[in-house]
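Each protein sequence line maps, in turn, to chains A and B.
Letter 126 of the first sequence, counting from 1, is numbered 126 in the numbering used here, and no numbers are missing.
Letter 87 of the second sequence, counting from 1, is numbered 87 in the numbering used here, and no numbers are missing.
Glycine included, C-beta positions come from ideal geometry on N, C-alpha and C.
To start, the structure under review is shown below, and the notes come after it.
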Amino acid sequence: AAPDDGADPMSCALVAVAQRGDREAFARLFAHFAPRVKSYMLKLGAPPQRAEDLAQDTMLAVWRKAALFDPAKAEAATWVFTIARNLRIDGLRRERHPEVSDEALAEHEDDRPRADALMDGAQRATRLRGALRDLTPEQAQVVHLSFFADLAHPAIAERLNLPLGTVKSRLRLAMGKIRKALGDES
Amino acid sequence: RHPQHHPSDALLVGYGAGGLGEGLSLAVALHLAACPECRAALADIQAVGGALLDDLPPEPLERLTLADTLARLDREGCAAPPRRRCRPEEAGTPDLLRPYIGSLAAVPWQRLAPGVRRAELLPRTARGGCAQLLRIAPGTALPHHGHGGLELTLVLAGSFSDELGRYVAGDIAEADGDVRHQPIADSHEECLCLIATEAPLRFTGLMGRLMQPFIGL
Ligand SMILES: [Zn+2]
Ligand SMILES: [Zn+2]
Chain A
1 AAPDDGADPM SCALVAVAQR GDREAFARLF AHFAPRVKSY MLKLGAPPQR
51 AEDLAQDTML AVWRKAALFD PAKAEAATWV FTIARNLRID GLRRERHPEV
101 SDEALAEHED DRPRADALMD GAQRATRLRG ALRDLTPEQA QVVHLSFFAD
151 LAHPAIAERL NLPLGTVKSR LRLAMGKIRK ALGDES
Chain B
1 RHPQHHPSDA LLVGYGAGGL GEGLSLAVAL HLAACPECRA ALADIQAVGG
51 ALLDDLPPEP LERLTLADTL ARLDREGCAA PPRRRCRPEE AGTPDLLRPY
101 IGSLAAVPWQ RLAPGVRRAE LLPRTARGGC AQLLRIAPGT ALPHHGHGGL
151 ELTLVLAGSF SDELGRYVAG DIAEADGDVR HQPIADSHEE CLCLIATEAP
201 LRFTGLMGRL MQPFIGL
């Protein structure tokens with residue numbers, strides 16, 4: 001489909017890479033994401049050169065897997081995040097991140113967003129950022145540590161010297177706000 | 001039928017953020033394969049990851065360049081590596097378990113106690129995690145125990161009950177420092193489950209202390 005006015009420019013660039021092997025579009029993706037993925041890797045403890053290597057691996061995977069990107073399901077940033085996350089676990093922790101395969105999911109019709117309930121991508125992104133701004137400082141702290149400290153919640157509780165139940169309830173409240181903003185609250 | 005026992009938000013965030021060890025992640029992924037609700041919740045969590053990535057201050061690149069990256073694509077090829085297709089004799093084994101055991105039918109089971117057999121999936125990692133499969137005969141109880149860290153039990157077949165509920169295929173039981181329990185295979189069918197832990201369990205009772213060195217949890 002032709003990108004409409006409200007579409008995220010990075011998602012459009014990804015679609016152009018997938019459909020036409022568009023190098024200009026890839027250059028825009030690279031300029032935006034490579035320095036941010038490097039920043040992500042540095043936050044998670046990679047030395048600078050390793051962070052750049054992992055940023056390059058991420059961008060290579062972005063090109064190679066572009067055909068698997070579905071703009072109806074996720075923003076480009078979300079998709080790039082999952083690639084960077086997996087390469088980080090593989091490269092820095094020498095572990096795998098087990099995931100349900102796309103083939104297995106293709107059998108589930110219920111994963112398709114319903115057309116009538118589907119907000120356009122730009123609106124979802126705006127609402128998500130609003131919800132993240134609305135988190136209390138305590139909720140934002142545990143969310144940030146979850147993504148940038150390579151720790152599970154019991155270790156986050158230990159680091160913050162908080163009861164485990166407190167960390168779990170902060171994450172539950174934070175996700176409740178986010179689900180509500182995205183209209184996914186059941 | 002969708003699962004009734006789901007991972008906590010804290011656990012799903014850990015999975016989506018990539019902060020869980022491989023064994024715990026495997027247990028969560030097996031639940032996700034069976035649970036559309038949690039897949040939807042995970043999509044939101046990954047969207048948070050995307051938004052946080054987007055908002056990071058861009059770090060200036062020193063040696064990495066677009067030209068070099070495009071040159072690597074030209075040199076090494078642009079295509080995604082082909083996906084491995086499963087062999088027909090592996091049918092009946094969940095896709096997610098195949099990298100670890102190949103086929104369930106070929107797993108070398110080790111007798112642990114009367115009515116309990118186990119097979120190692122993931123040896124203990126540097127982070128203290130490990131994962132194994134257990135086959136528990138109908139009516140058999142595991143030792144009563146507490147937990148030094150997170151313990152996830154994912155039912156693959158059959159069912160078990162403990163103080164917190166009854167768990168069938170696809171259900172995930174999440175036990176942490178606060179929980180003490182005694183799982184019992186509670187149907188006429190053998191219970192096959194995956195148990196992943198991130199720190200050693202603390203067994204209580206004489207039976208438990210005797211079993212600890214053998215069970216390797
Ligand atoms: Zn679920
Ligand atoms: Zn337990």
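Buried or exposed (CB count within 10 angstroms, at least 16 for buried), residue i
i, result
"B:Pro99", "exposed"
"A:Asp102", "exposed"
"B:Leu20", "buried"
"A:Leu118", "Caution is warranted here: a pLDDT of 49 is assigned to A:Leu118, below 50, making its placement in the model unreliable, and the coordinate value is therefore given only provisionally. Classification for A:Leu118: exposed."
"B:His145", "buried"
"A:Gln123", "exposed"
"A:Pro137", "exposed"
"B:Glu89", "Summary for B:Glu89: the model assigns pLDDT 48, below 50, so the residue's position carries little reliability, and this model does not support an answer."
"B:Cys35", "buried"
"B:Glu163", "exposed"
"B:Pro114", "exposed"
"B:His2", "exposed"
"A:Glu24", "exposed"
"A:Arg133", "exposed"
"B:Ala47", "buried"
"A:Gln56", "buried"
Proximity below 8 Å, CB of residue i to CB of residue j
i, j, result
"B:Ala169", "B:Thr153", "no"
"B:Leu150", "A:Ala152", "yes"
"A:Val167", "A:Ala181", "no"
"B:Ser103", "A:Pro98", "no"
"B:Met194", "B:Ala27", "Checking the sequence shown, residue 194 of chain B turns out to be Leu, not Met. Cβ distance < 8 Å, so B:Leu194 and B:Ala27 count as in contact."
"A:Leu44", "A:Leu92", "yes"
"A:Lys65", "B:Ala131", "no"
"B:His6", "B:Tyr167", "no"
"B:Ala119", "B:Leu97", "no"
"A:Glu192", "B:Leu61", "The structure shown does not extend to residue 192 of chain A, since chain A is modelled only from 1 through 186, so no value can be given for it."
"A:Val62", "A:Ile83", "yes"
"A:Arg28", "A:Ala13", "yes"
"A:Met41", "B:Thr69", "no"
"B:Gly14", "A:Thr78", "no"
"A:Ala104", "B:Asp55", "no"
"A:Gly121", "A:Ser11", "yes"
"A:Leu164", "B:Asp176", "yes"
"B:His165", "B:Leu192", "Before going on, a small fix: residue 165 of chain B reads as Gly here, not His. No, the pair does not count as a contact, with Cβ atoms beyond the cut-off."
"B:Gly92", "B:Glu198", "no"
"B:Glu190", "B:Arg111", "no"
In DSSP terms, what residue i is bridged to
i, result
"B:Thr197", "B:Cys130, B:Glu151"
"B:Gln110", "B:Arg118"
"B:Val168", "B:Ser159"
"B:Ile136", "B:Val116, B:Cys191"
"B:Gly77", "Paired residues: none, contrary to the question."
"B:Ile184", "B:Ala141, B:Ser161"
"A:Ala140", "The partner list for A:Ala140 (beta bridge, DSSP) is empty, contrary to what the question assumes."
"B:Glu174", "B:Leu152"
Cβ of residue i within 8 Å of any chain E Cβ
i, result
"A:Leu87", "Among the protein chains of the structure shown, namely A and B, there is no chain E."
- Message: Check whether the stretch 133-152 of chain A and the stretch 169-178 of chain A are in contact - that is, three or more C-beta pairs closer than 8 Å.
- Response: yes
- Message: Across the stretch 40-52 of chain B and the stretch 66-76 of chain A, are there enough close Cβ pairs to call them in contact, namely three or more that are closer than 8 Å?
- Response: yes
- Message: Measuring CB atoms only, is the stretch 135-143 of chain B touching the stretch 120-131 of chain A, in the sense that at least three cross pairs come out at less than 8 Å?
- Response: no
- Quick one: which residues of the stretch 37-53 of chain B get their C-beta closer than 9 Å to a C-beta of chain A? List them in chain order. Glu37, Arg39, Ala40, Ala41, Ala43, Asp44, Ile45, Gln46, Ala47, Val48, Gly49, Gly50, Ala51, Leu52, Leu53
- Under 9 Å (Cβ pairs) to chain A, residues found in the stretch 149-167 of chain B: Within the stretch 149-167 of chain B, the residues whose Cβ lies closer than 9 Å to some Cβ of chain A are Gly149, Leu150, listed in chain order.
- Query: Residues in the stretch 33-50 of chain A with C-beta within 9 Å of chain B's C-beta atoms, listed in sequence order?
  - Reply: Phe33, Ala34, Pro35, Arg36, Val37, Lys38, Ser39, Tyr40, Met41, Leu42, Lys43, Leu44, Pro48, Gln49
- Contact set between the stretch 3-17 of chain B and chain A, restricted to residues whose Cβ is under 9 Å from the partner: Ser8, Asp9, Ala10, Leu11, Leu12, Val13, Gly14, Tyr15, Gly16, Ala17
- Task: Could you name the residues of the stretch 150-161 of chain A whose beta carbon sits closer than 7 Å to any beta carbon of chain B, in the order they occur along the chain?
- Result: Asp150, Leu151, Ala152, His153, Pro154
- Message: Which residues of the stretch 176-199 of chain B have a Cβ closer than 9 Å to any Cβ of chain A? Give them in chain order.
- Response: Asp176, Gly177, Asp178, Glu198, Ala199
- Message: Against chain B, which members of the stretch 9-29 of chain A pass a CB distance test of less than 9 Å?
- Response: Met10, Gly21, Arg23, Phe26, Ala27
- Can you list, in chain order, the residues of the stretch 66-77 of chain B whose Cβ is nearer than 9 Å to any Cβ on chain A? Residues Leu66, Asp68, Thr69, Leu70, Arg72, Leu73, Glu76, Gly77.
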